[in-house]
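Everything below concerns the one structure shown next.
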């Protein structure tokens with residue numbers, strides 16, 4: 048029997064990461080670990096795109112009182128109505144530098 052999950056589907060996940068130290072941190076690794084923990088805890092059923100439509104992560108300034116703390120918000124997904132730029136995998140760098148396709 049599959050256990051029920053708590054998150055709405057599709058959902059948007061916002062992650063605030065308090066670094067454990069002043070050393071450089073890799074946001075991708077912390078992001079994945081956090082989403083995997085949500086799945087393991089039964090908050091989300093899976094981390095595929097039909098369930099998790101957006102993940103936003105932000106490192107906040109180092110705070111010794113909160114070192115290594117992670118704050119997570121899981122909310123219903125609301126599609127973005129305005130795209131920031133249009134790019135294909137071959138010209139992402141050019142699009143962000145304003146050399147590629149025009150913003151939509």
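Residue numbers (the working numbering): 48 to 151. Glycine included, every Cβ here is placed at the ideal spot set by N, Cα and C.
Near residue i, which residues of its chain fall below 6 Å by C-beta distance, leaving aside the five closest residues on each side in sequence?
i	result
residue 115	67
residue 69	109
residue 54	90, 91 and 121
residue 123	55
residue 94	82 and 86
Among the candidates the options, whose CA atom is the shortest distance from the CA of residue i?
i	options	result
residue 82	70, 97, 65 and 61	61
residue 117	78, 123 and 101	78
residue 125	102, 94 and 85	102
residue 71	107, 58 and 127	107
residue 58	119, 80 and 100	100
Take residue i and list the residues in its own chain whose beta-carbon comes closer than 8 Å to its own, dropping the five residues that flank it on each side.
i	result
residue 56	92, 97 and 98
Going by the beta-carbon positions, is the gap between residue i and residue j smaller than 8 Å?
i	j	result
residue 64	residue 111	no
Near residue i, which residues of its chain fall below 7 Å by C-beta distance, leaving aside the five closest residues on each side in sequence?
i	result
residue 113	65
Margin query: Could you tell me which whole beta strand (DSSP E) segments of length 3 or greater appear in the segment 83-134?
Written below: Runs of the beta strand (DSSP E) spanning 3 or more residues and lying entirely within the segment 83-134 occur at 99-106 and 117-123, in chain order.
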